[in-house]
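>
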Amino acid sequence: MSDTIHGTGIREYDPGPVGPVTADVPGDVPLRQEDTGPPGGRVLVGVDGSEHSLRALEIAAADAARRGAVLEVLCGWPWDREPGPAGRSAESGRMRYRATRAVVEEAANRARAHHPGLRVVSSLTTESAPRALVHFGSSAALTVVGARGYGGFAGLLIGSVSLRVASHTEGPLLVVRREPPRPHGPVLVGIESEADTDAVAFGFEEARRRGVPLRLLHAWPHTEDGDTAEEVPRLAAAPFRDVHPGIVVQPVHVTGRPAPVLVEASRTASVLILATHRRPRRLGLRLGPVTHAVLQHAHCPVLLVPVG
């Protein structure tokens, strides 16, 4: 039997005598309530039973195994917060609860089967997909979403739920694309300047965990700034080389527009890391045109690191 992050089992739900469903969730339903657990020791993935979310689950489980972290599998139970139309019975609530429970338990068992010894916990929530993933991912080491999804977390598609999560995430977010994973490809970090230290630091850690080279890619469209621009990836790597002497670092500068350069480079990468900056006096992150283009067209998972 799977359990939530704070140990409450997902158990059989009996909504009571048949009658109209109200706006209140029955009190005996164990739902994800608080974000607890070891700081930095949890990888959160949203699932809904779709092929895309199961691919995200596969990537999340592998990441949790590399980190030695807990994998939390989160699924949305579509409980109606407003009173339903006449004739809706508690039986429909029972059926939807059991269906959702089956999805999250199947996903958790799949992760356990592929990674014996990995601690996997499962949770249900009645929150919307973006709200739940942002809320419960705020203290996670990593939150993982698929490029598209259905069911309890309907709409996991770049431009809708995934984009909203990307715009408001408070922690690292991995968006899993359709392409098969390339686990032996380099970790690719797109850098705008040598000030992107958070993304570069994350890249060094990812390369260490994966045992692959780290490629720091800087693209700049103006050839007249070539000499200065070529120094950017080398300067960005400099503060971390002594801390990670075993990492093979590949500083690369390309003359061209950043978005298409990054998308093309992602064809051989295991993951592409980008820094996203917080907007002054506004909630959420500033996702510029480069980040939007990469999220839409990259050929590998895209990892966003909030900074600022």
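Following the UniProt record's numbering, the numbering of the sequence shown begins with 1 at its first residue and continues without gaps.
Where is the CB? At the ideal position from N, CA and C, for every residue including glycine.
So, under 8 angstroms CB-CB, L217 and L174 are touching, yes? Tell me the CB distance rounded to an integer number of Å.
In the sequence shown, counting from the first residue as 1, residue 217 sits at position 217. In the sequence shown, counting from the first residue as 1, residue 174 sits at position 174. No, L217 and L174 are not in contact; Cβ-Cβ is about 18 angstroms, not under 8 angstroms.
> Once you ignore the five residues that flank R267 on each side, which residues in its own chain have a CB closer than 8 angstroms to its CB?
Taking the sequence shown and counting its residues from 1, one reaches residue 267 at position 267. Excluding residues within five positions, the ones whose Cβ falls inside 8 angstroms are H299 and C300.
> What are the boundary residues of the alpha helix (DSSP H) that includes L216?
In the sequence shown, the residue the question calls residue 216 occupies position 216. It is not in any alpha helix (DSSP H) - L216 instead sits in the beta strand (DSSP E) that spans L214 to W220.
> Could you check what DSSP says for S266 in three-state terms: helix, strand or coil?
The residue given as residue 266 occupies position 266 in the sequence shown. Here S266 sits in helix by DSSP.
> Quick check on V248: buried or exposed, where buried means 16 or more other Cβ atoms within 10 Å of its Cβ?
Within the sequence shown, numbered from 1, the residue matching residue 248 stands at position 248. The residue in question, V248, is exposed, as its Cβ has fewer than 16 Cβ neighbours within 10 Å.
> Relative to the C-alpha of H184, which residue among E205, D198, G203 and R210 is closest?
As a first step, residue 184 is located in the sequence shown; it is residue number 184 there, counting from the start. Out of E205, D198, G203 and R210, R210 has the C-alpha closest to the C-alpha of H184.
> Would you call the CB atoms of R257 and A229 closer than 8 angstroms?
Numbered from its first residue, the sequence shown carries residue 257 at position 257. Numbered from its first residue, the sequence shown carries residue 229 at position 229. Cβ distance not < 8 angstroms, so R257 and A229 don't count as in contact.
> Just list the residues that DSSP pairs Q250 with in beta bridges.
Numbered from its first residue, the sequence shown carries residue 250 at position 250. According to DSSP, which records beta bridges pairwise, Q250 is partnered with R215.
> Since L295 and V302 should fall inside the 8 angstroms C-beta cutoff, what is the C-beta to C-beta distance between them, to a whole number of angstroms?
Within the sequence shown, the letter at position 295 stands for residue 295. Within the sequence shown, the letter at position 302 stands for residue 302. About 6 angstroms; that satisfies the 8 angstroms criterion.
> Are I273 and V232 close, meaning C-beta to C-beta below 8 angstroms?
The residue labelled residue 273 in the question sits at position 273 within the sequence shown. The residue labelled residue 232 in the question sits at position 232 within the sequence shown. The answer is no: Cβ separation not under 8 angstroms.
> Identify whether S139 lies in helix, strand or coil by the three-state DSSP scheme.
Residue mapping note: residue 139 aligns to position 139 of the sequence shown, counting from 1. Reduced to three states, the DSSP call for S139 is coil.
> Measure the C-alpha to C-alpha separation of G117 and Q250 and round it to an integer number of angstroms.
Taking the sequence shown and counting its residues from 1, the one referred to as residue 117 is at position 117. Taking the sequence shown and counting its residues from 1, the one referred to as residue 250 is at position 250. Their Cα atoms are separated by approximately 34 angstroms.
> Hey, is the region 54–70 in contact with the region 140–147, meaning 3+ C-beta pairs nearer than 8 angstroms?
Segments in contact, yes.
> Quick one: grab the DSSP three-state call for P306.
For the purposes of this step, residue 306 is taken as residue 306 along the sequence shown, with counting starting at 1. It is a strand residue.
> Looking at the strands, I want to know which residues DSSP matches up with G146.
Against the sequence shown, residue 146 aligns to sequence position 146. The partner list for G146 (beta bridge, DSSP) reads V176.
> Is A195 helix, strand or coil when you go by DSSP?
Residue 195 sits at position 195 when you count from the first residue of the sequence shown. Three-state DSSP puts A195 in coil, outside helix and strand.
> So, for A265: in the same chain, excluding its five sequence neighbours on each side, which residues have a beta-carbon less than 7 angstroms away from its beta-carbon?
Walking along the sequence shown from the start, residue 265 turns up at place 265. L188 and L217, listed in sequence order.
> Report the three-state DSSP secondary structure of T276 (helix, strand or coil).
As a working mapping, residue 276 is identified with position 276 in the sequence shown. It is a strand residue.
> Specify, as a first and last residue, the run of the alpha helix (DSSP H) that L57 falls within.
Sequence index remark: in the sequence shown, residue 57 carries index 57 (1-based). Here the alpha helix (DSSP H) through L57 covers E51 to R67.
> Closest to R241 by CA distance: which of F204, H222 and H114 is it?
Stepping through the sequence shown from its first residue, residue 241 is reached at position 241. Measuring from the Cα of R241, the nearest candidate turns out to be F204.
> If I follow the unbroken beta strand (DSSP E) through R42, where does it start and stop?
Along the sequence shown, one-based indexing puts residue 42 at 42. Run containing R42: R42 to V47, per the beta strand (DSSP E) assignment.
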